[in-house]
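Trainee: Provided herewith is a single structure, encoded as structure tokens, for subsequent inquiry.
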Amino acid sequence: MGNEAQRTRESFSEKALRYLREQIINGQMPPQEKIVESEIAHCLGVSRGPVRDALKQLAVEGLVDYQPNRGCTVALLSPKDAYEVFYLRGSLEKLALEKGGGRISDEGLFRMEEAVEEIRAGVEKKSTSAVVAADEKFHRQIIESGRMDRLVKMWELLSPLNGAMFLVVKKTNELERRLGQERTLDDPFHGDDLGAHTRLLETCRRGDLQASLRALDAHYIRTGERIYRLSLRDELPEK
1 MGNEAQRTRE
11 SFSEKALRYL
21 REQIINGQMP
31 PQEKIVESEI
41 AHCLGVSRGP
51 VRDALKQLAV
61 EGLVDYQPNR
71 GCTVALLSPK
81 DAYEVFYLRG
91 SLEKLALEKG
101 GGRISDEGLF
111 RMEEAVEEIR
121 AGVEKKSTSA
131 VVAADEKFHR
141 QIIESGRMDR
151 LVKMWELLSP
161 LNGAMFLVVK
171 KTNELERRLG
181 QERTLDDPFH
191 GDDLGAHTRL
201 LETCRRGDLQ
211 ASLRALDAHY
221 IRTGERIYRL
231 SLRDELPEK
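If you count the sequence shown from 1, position 70 lands on 70 in the numbering used here, and the numbers rise without skipping.
If you want it as structure tokens, here you go:
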């Protein structure tokens with residue numbers, strides 16, 4: 001394959017990846033829905049190859065399940081997997097803050113402020129994908145504050161699952177509402193997630209290490225624990 005053909009294939013793959021990711025994260029394609037390569041290719045005006053490339057990446061991100069002879073379906077990260085991802089991301093960010101003494105550079109704080117406004121805009125537009133992107137931008141400033149390249153790389157290994165984590169939270173809140181229980185998880189479309197990021201930004205701006213660590217625990221680890229506890233009582237669909 002020539003260089004030009006390779007670039008064209010990559011651009012079509014990116015187009016398919018962006019389309020499918022937004023459809024899944026924003027709820028247009030619900031869990032367990034079958035994804036038909038030929039239909040997606042026809043919709044986007046591309047061949048099946050780029051769609052196949054996109055589905056492989058989405059499987060890495062935890063948004064798609066592949067089963068031999070059955071093809072791909074929209075996935076939902078299992079409660080156990082979600083708990084582990086929340087726990088690990090939170091632990092890595094706490095390590096970064098401790099290494100940096102709770103201090104984040106002025107540029108990092110500015111980018112966190114930008115991210116909070118982008119979360120606010122995503123909430124107003126009801127766009128989960130926009131909130132996910134802004135969340136990633138916000139937390140990257142925290143992990144980079146530790147100035148440890150390997151720590152950042154470990155965190156980046158979990159980053160592709162960020163969208164899947166948001167879907168688990170959304171599914172858990174829906175389950176709690178059906179059961180008539182009080183919502184216990186930060187929900188971006190009720191302002192909870194925005195408030196959590198705003199509080200975390202304030203503790204980081206003050207350089208208050210202990211308060212920032214507590215805020216990260218509440219944001220990540222307690223959320224994962226609540227998802228897992230609820231799944232033990234009323235099973236969420238698992239992968």
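Idealized CB from N, CA, C, for every residue including glycine. Just so we're clear, the structure is a prediction, and the values are computed from it rather than from any experiment.
Should Arg89 go down as buried or exposed, given a rule of 16 or more other Cβ atoms within 10 Å for buried?
Mentor: Classification for Arg89: buried.
Trainee: For Phe12, does the count of other Cβ atoms within 10 angstroms reach 16, so buried, or fall short, so exposed?
Mentor: Counting Cβ neighbours within 10 Å, Phe12 comes out buried, since at least 16 surround it.
Trainee: Starting from the C-beta of Phe189, find all residues in its chain whose C-beta is less than 7 Å away, skip the five residues before and the five after it, and write them out in chain order.
Mentor: Note that Phe189 scores 43 on pLDDT, short of 50, meaning its location in the model is unreliable; the coordinates nonetheless yield the value given after this. Here the set comprises Val123 and Lys126.
Trainee: CA-CA distance, Ala164 and Leu63?
Mentor: Looking at the two C-alpha atoms, the distance is approximately 6 Å.
Trainee: Please state if the CB of Glu113 and the CB of Leu201 are separated by a distance shorter than 8 Å.
Mentor: Yes, the Cβ-Cβ distance between Leu201 and Glu113 is below 8 Å.
Trainee: So within the segment 57–117, which uninterrupted alpha helix (DSSP H) runs reach at least 4 residues, ignoring any that extend past its ends?
Mentor: Entirely contained in the segment 57–117, the alpha helix (DSSP H) runs reaching 4 residues are, in chain order, 79–99.
Trainee: Locate the alpha helix (DSSP H) running through Ala215, then write down its first and last residues.
Mentor: First-last of the alpha helix (DSSP H) with Ala215: Leu209 to Leu216.
Trainee: When DSSP labels each residue in this structure, what does Lys126 get in the three-state scheme?
Mentor: In this structure, Lys126 counts as coil in the three-state DSSP scheme.
Trainee: Take Asn162 and list the residues in its own chain whose beta-carbon comes closer than 6 Å to its own, dropping the five residues that flank it on each side.
Mentor: Hits under 6 Å: Val132 and Glu136.
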